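Q: Numbering (our numbering), first residue to last: 1 to 112. First the structure, then my questions, so here it is.
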């Protein structure tokens, strides 16, 4: 099976590129490009500062991080989020907060 080539475009200087943290990781980590506040029991779309160029017939999926869910009660509302091959806008992650306190996201924090 051949691997699909995905082009990643930084929309802002200094944005964290997707990273595969271990050799056997199932996917790439996405980080926040901007500060955000996820309100208590609420949701927020957090930008990654990235746009993807996927080959025809290939989709990307945005999945939650288990550590954010376990330690902070933060999930992804539409998990798995689908990025279609013809979408060229900024990849955003819709985080939701199950807690009674707001959750602050700082730039560079891995969110998906």
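Note that beta-carbon positions come from the ideal geometry of N, C-alpha and C, so glycine has one too. All of these numbers come straight from a predicted model, not from anything done at the bench.
Got a sec? Which residues, its chain only, sit under 6 angstroms from residue 88 by beta carbon, not counting five neighbours each side?
A: Working through the chain shown from its first residue, we reach residue 88 at position 88. So the list reads 51, once near-sequence residues are dropped.
Q: Check each candidate in 21, 17 and 54 and name the one with the smallest Cα separation from residue 47.
A: The sequence position of residue 47 within the chain shown is 47, counting from 1. Here the closest residue by C-alpha is 17.
Q: Residues in the same chain with beta-carbon distance under 8 angstroms from residue 59, minus the five sequence neighbours each way, listed in chain order, please.
A: Here residue 59 refers to the residue found at position 59 when the chain shown is read from its first residue. The residues are 82, 83, 84 and 85.
Q: Look at residue 8 and residue 55 and say whether their C-beta atoms are less than 8 angstroms apart.
A: Here the question's residue 8 lines up with position 8 in the chain shown. Here the question's residue 55 lines up with position 55 in the chain shown. It is not a contact, given that the beta carbons lie outside the stated cut-off.
Q: For residue 43, which of 21, 100, 31 and 11 has the nearest alpha-carbon?
A: Position 43 of the chain shown, counted from the first residue, corresponds to residue 43. The residue with the shortest Cα to Cα distance from residue 43 is 100.
Q: To the nearest angstrom, how far is the alpha carbon of residue 110 from that of residue 3?
A: As a working note, residue 110 is residue 110 in the chain shown. As a working note, residue 3 is residue 3 in the chain shown. Taking the straight line joining both Cα atoms gives about 24 angstroms.
Q: Check each candidate in 10, 15 and 112 and name the one with the smallest Cα separation from residue 67.
A: The residue given as residue 67 occupies position 67 in the chain shown. Residue 112 is the option with its Cα nearest to residue 67.
Q: From residue 63 to residue 80, what does the alpha carbon distance come to, in whole angstroms?
A: Residue mapping note: residue 63 aligns to position 63 of the chain shown, counting from 1. Residue mapping note: residue 80 aligns to position 80 of the chain shown, counting from 1. Their Cα atoms are separated by approximately 5 angstroms.
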